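Below is one structure; the comments refer to it alone.
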Amino acid sequence: MTDMNPGFFGRIGIAFGAFFGILGNAAFAGRVQRLREAPLAPEAAPDVSPEAAPVAPQPPKPAAAPVQPAPSALKEASPVAALQLLGLLQRDARFIDFVEEDIAKYSDADIGAAARLVHDGCRAVLREHFSIKPVRGEAEGTRVTLQEGFDAAAVRLTGNVVGKPPFSGSISHRGWKVEDTRLPKLAPSHDASIVAPAEVEL
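The sequence shown begins at 1 in full-length UniProt numbering and counts up one residue at a time.
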């Protein structure tokens, strides 16, 4: 059987034979050229028993995709409280009457006089049934810095919003938050959709 890995002196003999064979035989020279340009064949793996064969390393398992939390169901707000507040604003400030009135035919002086009455009534309703405080205690125009993790529900960024916190800017509006609500209790039979009953003068 021909030795597939000849020693140093064996390779010298092969080299001289190949040298003169290439010079004297064009076909042989072509086969040598093709052999030189062909990719090397992988070496034969040694014949080992299954018991002695090394265990091939297993490729790492792909990381499990993070489980995305299911989107929370939107909570539907009950309209009863909103209807109740609208009824209070109508009762004490004639709010719906003012908004539904076509004011194009009135002068600015007439509109201003009516708006003053609506304003006074709305303020009375808010102060009687709600405790309202500013979200930010600083005065408007004050420079503030919002650090990472600030409450985005309590502070809305406006203007040129670029990059990540911290953000520095001026307070253009302090915001409002309700700390307490004191709406009247309703009887089960009360129809909150009637925010103002019709009036019949006898």
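Built from N, CA and C at the ideal position, the CB exists for glycine as well. Being a predicted model, the structure only gives us computed values, none of them experimental.
From the options, residue whose alpha carbon lies closest to that of residue i
{"i": "residue 126", "options": "85, 144, 28", "result": "85"}
{"i": "residue 152", "options": "88, 164, 143", "result": "164"}
{"i": "residue 180", "options": "137, 128, 123, 82", "result": "128"}
{"i": "residue 171", "options": "139, 200, 195", "result": "139"}
{"i": "residue 81", "options": "168, 195, 177", "result": "195"}
{"i": "residue 90", "options": "143, 169, 189, 119", "result": "119"}
{"i": "residue 185", "options": "28, 83, 102, 156", "result": "83"}
Residues bridged to residue i [DSSP beta-bridge criterion]
{"i": "residue 133", "result": "177"}
{"i": "residue 193", "result": "Paired residues: none, contrary to the question."}
{"i": "residue 169", "result": "144"}
Where the alpha helix (DSSP H) containing residue i begins and where it ends
{"i": "residue 98", "result": "95-100"}
N- and C-terminal bounds of the beta strand (DSSP E) containing residue i
{"i": "residue 163", "result": "Residue 163 -> no beta strand (DSSP E), and no H or E assigned at all."}
{"i": "residue 143", "result": "143-146"}
CB of residue i within 9 Å of CB of residue j, strictly
{"i": "residue 154", "j": "residue 175", "result": "yes"}
{"i": "residue 192", "j": "residue 87", "result": "yes"}
{"i": "residue 143", "j": "residue 169", "result": "yes"}
C-beta neighbour in chain B for residue i, strict 9 Å
{"i": "residue 185", "result": "Protein chain content of the structure displayed is limited to a single chain, and chain B is not contained in it."}
Check whether the region 131-140 touches the region 107-122, counting contact only when three or more Cβ pairs, one atom from each stretch, lie closer than 8 Å.
-> Touching, no.
Count the CB pairs spanning the region 88-99 and the region 67-75 that are closer than 8 Å, and state whether there are at least three.
-> no
With a cut-off of 8 Å, do at least 3 Cβ pairs link the region 102-112 to the region 136-149?
-> no
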